[in-house]
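Please read the structure below before turning to the comments.
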Amino acid sequence: MRRPLTISQREDLHGRLLVGPTVIVVLLFAVLPFLAVVLFAFLDVRLVDIPRLYIDNLVFTGENVAAVWNSPRFWSAAVTTAVYAAASSAGAVLVGLAVALALRRPFRGRGLIRAMVLVPYVLPVVAAATIWKTLLNPGYGLVNAVGVEWLGWAEPIAFLTTTSRDLGPFAVPVALLCVIAFEVWKTFPLAFLFITARLQVVPEDVEEAAQIDGAGKTRVFRHLLLPELAGVMALLAVLRFLWSFQNFNDIYLLTGGAGGTEVLAVRVYSELVVRANIGTASATGLLMTGMLLVVVAVYAWLIRRERA
1 MRRPLTISQR
11 EDLHGRLLVG
21 PTVIVVLLFA
31 VLPFLAVVLF
41 AFLDVRLVDI
51 PRLYIDNLVF
61 TGENVAAVWN
71 SPRFWSAAVT
81 TAVYAAASSA
91 GAVLVGLAVA
101 LALRRPFRGR
111 GLIRAMVLVP
121 YVLPVVAAAT
131 IWKTLLNPGY
141 GLVNAVGVEW
151 LGWAEPIAFL
161 TTTSRDLGPF
171 AVPVALLCVI
181 AFEVWKTFPL
191 AFLFITARLQ
201 VVPEDVEEAA
211 QIDGAGKTRV
221 FRHLLLPELA
231 GVMALLAVLR
241 FLWSFQNFND
251 IYLLTGGAGG
261 TEVLAVRVYS
271 ELVVRANIGT
281 ASATGLLMTG
291 MLLVVVAVYA
301 WLIRRERA
């Protein structure tokens, strides 16, 4: 006869049963696809070969990773991805901070304005991209119409297909700046929500005491508010960098990778769908994962160093 389970054993069993479905979902939709990417990255196989692929005819090779690693287009896309992710994440956090500070004090209509601020974040990305493409269209877009009629532009600008345009002594990456601006506009509400939530718990009496002692708004922000917000802003910056680094939908819908906006995610799509080369597509995705792991490792090291 089996001995009855103790209370701690029953709690442990119930806990395992509760997390079991989540573990299964993670294994099926995260771990197994990643293992497949690792496998295909080291196989001499194309997309059309998948239906006829068997264990006994697998040919392992490192040529896919070597070809991607030595490809100038891969490194060009990597640089573009890093610039895009860094600029969009920094922009989203800074704009979210500015809006959170502007809407911090109560005033009539603040609730409505806060709700409107969240519109870009909840708007479907297809609808948002369509709106931006319409506004930036060189033929009938509102931006070009205003530029030509009121700002003295000599001709309309194809914002989403122009790689660069001279502005004095500088060459401005027009299309890349447009997709960065779109990403900032689309994602700053998340930073706004996090920063607003953190501002709610900042002690107001300390801030009032500093103002009574003669500290201006700049000094209050620098010495009181900024230290309180530094942690959440750093976390937001890292999360936004990771999400932007692997972003595909926004750039593909806006430019399709044209105009110097080919990031690594678009590069993976091109290798897989256009060239039907699942090996180089998987190798590119694997190298992307390695780059993201480096970023996470550096962030973890900084956190550990700060707590030490």
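Read left to right, the sequence shown gives residues 1 to 308 (this note's numbering).
Each residue gets a CB set at the ideal place from its N, CA and C atoms; glycine is no exception.
In this text, all values refer to a predicted model and were calculated from it rather than measured experimentally.
Can you tell me which of the three DSSP states Asp250 falls into?
-> In the structure shown, Asp250 sits in a helix (DSSP, three-state: H, G or I).
For Trp185, which option in Arg3, Thr280, Trp132, Arg46 has the closest C-alpha, if you only look at C-alpha atoms?
-> Nearest of Arg3, Thr280, Trp132, Arg46 to Trp185, Cα basis: Trp132.
Buried or exposed by the 16-neighbour rule on C-beta atoms within 10 Å, applied to Leu142 = Counting other Cβ atoms within 10 Å of its Cβ, Leu142 stays below 16 and is therefore classed as exposed.
Segments assigned beta strand (DSSP E), at least 3 residues, entirely inside the region 159 to 225 = Counting only runs of 3 or more, we get 165 to 167, 170 to 172.
Where Leu103 sits in the DSSP three-state scheme = Residue state for Leu103 is assigned as coil, using DSSP reduced to three classes.
Give the secondary structure of Phe34 by DSSP, where H, G and I count as helix, E and B as strand, and everything else as coil.
-> In the structure shown, Phe34 falls within a helical segment according to DSSP collapsed to helix, strand and coil.
By Cβ distance, which residues of its chain are closer than 7 Å to Phe40, with the 5 residues on each side in sequence left out?
-> Hits under 7 Å: Ile278, Gly279, Ser282.
Which parts of the region 43 to 71 are runs of the alpha helix (DSSP H), unbroken and 4 residues or longer, counting only runs that do not cross its ends?
-> Runs found: 63 to 69.
Rounded to whole angstroms, how far is the Cβ of Val117 from the Cβ of Phe192, which I believe are closer than 8 Å?
-> Yes, they are in contact, since the Cβ atoms of Val117 and Phe192 sit about 6 Å apart, within 8 Å.
How many whole angstroms separate the CB atoms of Val37 and Leu286, which I take to be in contact at a CB cut-off of 8 Å?
-> Right, their Cβ atoms sit about 6 Å apart.
Kindly indicate which residue of Val125, Pro124, Leu103, Val126 has the alpha-carbon position closest to the one of Ala115.
-> Shortest Cα-Cα distance from Ala115 to any of Val125, Pro124, Leu103, Val126 involves Leu103.
Neighbourhood of Gly257 by C-beta, 6 Å cutoff - its chain only, sequence neighbours within 5 removed | Only Val266 meet the Cβ criterion.
Run of the alpha helix (DSSP H) containing Gly141, from where it starts to where it stops | Careful: Gly141 lies outside any alpha helix (DSSP H) and carries neither H nor E.
CA nearest to the CA of Val79, picked from Gly260, Ser89, Thr289, Ser270 | Scanning Gly260, Ser89, Thr289, Ser270 for the CA closest to the CA of Val79 turns up Gly260.
Would you check if the region 67 to 76 and the region 160 to 172 touch, i.e. whether three or more CB-CB distances between them fall below 8 Å?
-> Counting C-beta pairs with one atom in each stretch, the region 160 to 172 and the region 67 to 76 have fewer than three that are closer than 8 Å, which means they do not touch.
Helix, strand or coil for Thr289 per DSSP?
-> Assigned with DSSP and collapsed to three states, Thr289 falls in helix.
First and last residue of the uninterrupted alpha helix (DSSP H) at Ala115 | First-last of the alpha helix (DSSP H) with Ala115: 110 to 117.
State the DSSP-derived secondary structure class of Glu271, mapped to helix, strand or coil.
-> Reduced to three states, the DSSP call for Glu271 is helix.
Trp150 (DSSP reduced to helix, strand or coil) = In the three-state scheme derived from DSSP, where H, G and I count as helix and E and B as strand, Trp150 is classed as helix.
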